[in-house]
Amino acid sequence: MSNFIQVIFSSLEIGSIYALASIGIILIYQTSKMTNFAQGAIGMYSAYMATVFMRGTGISATLATIVGMAFGLVLGFAIDLLIMRRAKNASPVTLQIITLGIVLFLTGLAPLTFGAVPLAFPRFIENKSIEILGASILYNGILNIFIGFIVVALLFFALQRTKWGLAVRVTAANPTAAKVMGVPTKKVTMGTWAIAASLGALSALMLAPNTVVDVGMMEGVQLSALIACVLGGFQTFFGPVLGAYILAIVRNLFGFYISSTWGTALTYSVILIFIIFKPNGLIGKKKIKKV
Amino acid sequence: MKKLLEIKDLEVKYGSIQALKGVSLNIEEGAIVALLGANGAGKSTLLKSISRIVESSNGDIIFDGETVLKKEADQVAWMKISHCLEGRQIFAELTVLENLTIGGFTLKSKSEKEEAIKESYKMFPVLEERKHQIAGTLSGGEQQMLAIARALIIKPKLLILDEPSLGLAPIIIRNVFDIIKKINESGTTVLIAEQNALQTLKIADYAYMLEVGKITMEGKASDLLADDNLIHAYLGKH
Amino acid sequence: MEKKLKSRFNLLENVYINYILIGILFLIAIPLNQAGIIGGSVLITLGSVILYSVVGIGMNILLGYAGLITLGGAGFMGLAAYLSAYFTRDLNMPFLFSLIFSVGIPIIIGIGIGLISLRLGGYYLAIATLGIGEVLKQVFIEYDVFTGGFSGKSAGYINLFGLQFDRIGTYALYAVILIFALIIGHNIVNSATGRAFMTMRSSEAAAQAMGIRMLKYKVLAFVIATIYSTIGGIMYMHLIKFSFPTTWGLGMSLNFLSIVVIGGMKAIAGPVVGALFVIAFPDLVLKNIPIIGTSPGVAYIFNGVLIVVVLLFYNRGLIKIFTDAKVLIKKLIGGK
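Residue numbers (our numbering), protein chains in the order written: chain E, 234 to 524; chain H, 316 to 553; chain Z, 27 to 362.
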C-alpha cells in the first residue's frame, strides 16, 4: 500500500510538471496555431540561466526560480517578436520546423554559454518529509503538486474571468474578429509566448532537483507534454492538463508494476493507439476545416 | 452636412488580382449609405479596407478628418468605427455575454461597459434571455442581433454592416432592417453592403453600385428606387 | 563555336547529367586523397555526406513533396544499421541477403506507420513519429544481445560477390549509389505518384475530392522514405563500422529535417546541399574555429539558425544558389 501511495504522489508531482509544460504548448497552439516543439528547450535554457545566476549570487532556489521564469518570459517575447512574427504566412508544418530549429539553436548555445558540465539544482524544501499511510513523501513533492494545481487554477481564472483572458480566447477563436473589436492580437500572441516560455522555465526548475541541469533534461518532458496534449485534445485549454496527469499516473503505474524500463514506451504506445480511435483526444471536438 | 468618411481612388490588390480599381465614395454624418452589387463585386473588400483588415495599394481613406491608412486593424475600434463582418463572425464558443463584453474591449471603465450591455439588452431582449448561452447555439437571426449589439457597445460613430441579411428568413430580415433604421435615427452613421438591394434602398439615404471593383452608379436612394429601368436591369423584382 | 557551346549547355540541362556530375564531384575526392591533399578522415566525412544525402532524398520526398513529417527517421536508419551488422557479422550472411532483410524488416514497420498516419495529420504525425523514434532508441539500448547496447555494435566493410571493399572502394561505391538515388528520386517525383504526393500536400480535402486514394499514397510515401533511410543506415554501418544506440536519437532525426529544409524542399538534389551544410561544414570548418569550435554544440547552433533563416527568408532552400547561378551563367553565355 505504501508503495502505491508513493507512486500516486510521485505521479501527481510529475503530472504537475507535465501539466505546466503542456499548458504552455496549448496556449501557443491556440493563439498562434502552431505546435511548439521548443517548449522543453526553452525551459532547459532558462533553468541553466537560473542555476548559474543562483551560483553566482547565492540566492535561494525559490528566488532563482523566479529569475528563471522572468528569463523565460523575456526569451518568449524575443522568439515571438524576432522569429514568429515574420513567419505569419507560413504553413503549420513550416512553423513546427522553425520551432525545431530553435531547439537546435538552444541545444547548441547552452554548452557554449554555460559549459558542458551538468549542474545541480536544489529542491525548494530540502530534507523534510512526511509519513502518509506508510509512505514517506517529501515536502518538496507536495509543494510541487500544489504549485501545479495553483498555477493551473490561476491560469483558468485568468482565462475565464479577466479582460485579457477573454482577449486571449477571442484571439484564439477568430483573430480577425478580435482585431475588429480592438484586441491587439499581436501583443496577445506575444504575451502568450512569453507566458508559455515562463511556464516552461518553471516546469524545468521543478524537474531539475530530480535529475540534473543539462542539455537533454527536458527532452522527456517535451515529448510527454506533447502526448498529454494529444491525449487531452488540442481543442481546449485544459484538456491537456487532464491528459498530463493521466499520462503521469499511467506511466508510473506501468513503470512500477510492469516494467521500469519499458513503462514509458508502453504508455506512449497505449496513448497513440487510443488516438486512432479517438483522434480528437479525451475532450476533443472535431474542428470543421474549410477547404 | 459634414463628411464622416471619404474614400478617394481606393485600389486593392489580392496578389495579381485587382479587387478594387479606384473607388471613391463619401458618407455624410448621420446618413445610411448603401453599397450594392453582386457577389464578388468587391463590397466586402471595400469594407475591410476601411477597417484595415485588408491592405490597400493606392488611394486614401479619411475618417472624421484623419487618414485611416496609417492605422492597424486593431486600432480602428478606438476610432469609434465598428465593423460587423460578413457571416456575422460572432465568437461561437463563447457566451452571449462574453461576446458583448469583448465588444466593449476599448471602453475605459467597467461601468461604461455595463451600461452599454444593459442598453443592448433593452434593444434586443432576446440577448438578455440567452446571456449565458453559448453563442453558436443561437439561431441565425439571433446571431445577427448579437453581432449588431456587440458592434454598438462602443457607441460607434460609424457602423459598418457586411451583408446582414445573408442567410436569414424574410421576416427576420425585415426586423433587422427596422433595427438598423432605428440605430441610425439615434445618431449612428451606417454603411451597409448588401445584395438585397430593394430592402436596403428603402432605408438608405444614398447608394453606390459596385461592379467588378468599380463604382458604376451612385445617387440618392429615392432616385434609384424611382428609376424603373434600374429596378429591372440591376435590382431584380422582389 | 557558339553552336557547340549551346548544345553543350543543353546537355547540362539534362538533369541526369547533373546528378552524374554530382557523383563525379564526390569521386574527385579519391585522387585528392591518394595524392595526399586531403586526409582519410575528410573522405569519411564526405562519405557521411553522401549517405546522409541518400537518407535526405527519401525524407525530401516524404516532407517536401508529400508534406508528411517524421521525427523518427533516425530510428529506422539505426534499425537497418544494426540489422545489417547483425546479419553480416553475427550470422555471416552474404551481403546481398543481409541487404534484403535489413531493408525489408524496417519497411514492414514503415508500412505500419503509414497506416497509422492515415488517421493522423500534421502535429499528431510529428508527435507520433517522435514517440516511435524514442521507442526504437530504447529498443536499441535494451536489446543488447542484438545491438550490443552501450558497448556498441561493429561491422566490417562490404564484401560483395567475393569482392572485399576497402575504404576507398566503399566511398566510390557510395558515390555511385548516390547517383542512382538521385535519378530514381527524380523519376518518382516526376511520375503520377509524385504528382499525387504534391496534391496531397497542398490540401488533403482537395486530394480526397479528386479521388486520390490517400491511404495508398501515404503508405507509399513512408515506404519510399524508409527504403532510403534503411539504405542510408546500411551505408553508415559499413563506412563508420561502429554504432551506438544514442546515435539514433532525436538529434539525428532533427539533422535530417535540417538537411531537407536547408538544402531545399522541392529539389531532388536539395538534400545534397543540405548535407554539405549540416554534416560537412561543421566537421570540416566549424570545428577548426578557435574557442567556439571546440564547444560540442556549435554545429547545432549553426543548423538551428540556418533552418530558421532559410524558412523565413529563403524558402526554396540553399540549392537555389546553384539554380540561380546556372541561370546567371546561361544568361552570360547565351545572352551574347
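All C-beta atoms in this analysis are idealised placements derived from N, C-alpha and C, irrespective of residue type, glycine included. Owing to the predicted nature of the structure, the values given are computational and were not obtained by experimental measurement.
Minimum Cβ-Cβ distance from residue i to chain E less than 9 Å
i	result
residue 398/H	yes
residue 429/H	no
residue 516/H	no
residue 469/H	yes
residue 539/H	no
residue 489/H	no
residue 362/Z	Low local confidence applies: a pLDDT of 46 at residue 362/Z is under 50, so the model's placement there is unreliable, and no value is given.
residue 101/Z	no
residue 84/Z	no
residue 311/Z	no
residue 161/Z	yes
residue 364/Z	Absent from the model: residue 364/Z. The displayed extent of chain Z is 27 to 362, so no value can be given.
residue 413/H	yes
residue 445/H	no
Residue-chain proximity (residue i, chain Z), Cβ-Cβ < 9 Å
i	result
residue 494/E	yes
residue 247/E	no
residue 367/E	no
residue 501/E	yes
residue 452/E	yes
residue 329/E	yes
residue 480/E	no
residue 240/E	no
residue 349/E	yes
residue 340/E	yes
residue 483/E	no
residue 344/E	yes
residue 467/E	yes
Neighbourhood of residue i by C-beta distance below 7 Å, restricted to the same chain and skipping five residues each side
i	result
residue 240/E	485, 486 and 489
residue 402/E	392
Amino acids of chain H, ordered along the chain, whose beta-carbon sits closer than 8 Å to that of residue i
i	result
residue 422/E	The premise fails here: residue 422/E is roughly 12 Å from chain H at the closest Cβ pair, so nothing lies under 8 Å.
residue 416/E	389, 417 and 420
The ligand FMN heavy atom lying under 8 Å from the CB of residue i
i	result
residue 237/E	The ligand FMN is absent from the structure shown, which contains no ligand whatsoever.
Within chain E, the residues that residue i reaches when beta carbons sit closer than 8 Å
i	result
residue 150/Z	463, 508 and 512
residue 142/Z	505 and 509
residue 334/Z	316, 331, 334, 335 and 338
Chain E contact residues for residue i, given Cβ-Cβ distances below 9 Å
i	result
residue 510/H	What residue 510/H touches in chain E: nothing, since even the nearest Cβ is about 21 Å away.
residue 366/H	412 and 413
residue 409/H	399, 402, 403 and 406
Unbroken alpha helix (DSSP H) run spanning residue i, endpoints
i	result
residue 379/H	Unbroken run through residue 379/H: none, as it is neither H nor E.
residue 171/Z	170-173
residue 261/Z	240-266
Residues of its chain near residue i, where Cβ-Cβ distance is below 8 Å and the 5 sequence neighbours each way are ignored
i	result
residue 372/E	358, 361, 362 and 363
residue 391/E	397 and 398
residue 242/E	365, 368, 370, 374, 375 and 378
Beta strand (DSSP E) segment containing residue i, residue limits
i	result
residue 368/Z	A query on residue 368/Z cannot be resolved here, the shown segment of chain Z reaching from 27 to 362 and no further.
residue 338/H	332-343
residue 370/H	Premise fails: residue 370/H is in no beta strand (DSSP E) and is neither H nor E.
residue 521/H	521-526
Cβ shell of residue i (< 6 Å), same chain only, five flanking positions each side left out
i	result
residue 517/E	466 and 468
residue 357/H	334, 335, 525 and 528
Any C-beta of chain A under 9 Å from that of residue i
i	result
residue 473/H	In the displayed structure, chain A is absent; the protein chains listed are E, H and Z.
Beta carbon proximity, residue i to chain H, threshold 9 Å
i	result
residue 400/E	yes
residue 396/E	yes
residue 473/E	no
Neighbour list for residue i in chain E, Cβ cutoff strictly below 7 Å
i	result
residue 404/H	407 and 410
Chain-ordered neighbours of residue i on chain Z, where CB pairs are closer than 8 Å
i	result
residue 391/E	Residues of chain Z passing the Cβ test: none, with the nearest at roughly 25 Å.
residue 517/E	Here the premise fails: no neighbours, minimum Cβ distance about 11 Å.
residue 460/E	153 and 157
Chain-ordered chain Z contacts of residue i [CB-CB under 7 Å]
i	result
residue 477/E	Residues of chain Z passing the Cβ test: none, with the nearest at roughly 14 Å.
Problem set entry | Residues from the stretch 402-413 of chain E in contact with chain H, defined by Cβ distance under 8 Å | So the list reads 402, 403, 406, 407, 409, 410, 411, 412 and 413, given in the order they occur along the chain.
Exercise. In the stretch 305-326 of chain E, which residues sit with their C-beta less than 8 Å from some C-beta in chain Z, listed in chain order?
Worked result: 316, 319, 320, 323, 325 and 326
Exercise. Taking any Cβ of chain H, which residues in the stretch 420-447 of chain E have a Cβ under 7 Å from it, in chain order?
Worked result: none
Exercise. If contact means a Cβ-Cβ distance below 9 Å, which residues of the stretch 253-285 of chain E contact chain Z?
Worked result: 262, 267, 268 and 270
For this session: Can you give me, in chain order, the residues of the stretch 378-395 of chain H that have a beta carbon less than 9 Å from any beta carbon in chain E?
Result: 387, 388, 389, 390, 391, 392 and 393
Exercise. For the stretch 316-329 of chain Z, which residues have a beta carbon sitting closer than 8 Å to at least one beta carbon of chain E?
Worked result: 318, 321, 322, 323, 324, 325, 326, 327, 328 and 329
For this session: May I ask you to list, following chain order, the residues of the stretch 285-308 of chain Z that have a beta carbon less than 7 Å from some beta carbon of chain E?
Result: Listed in sequence order: 287.
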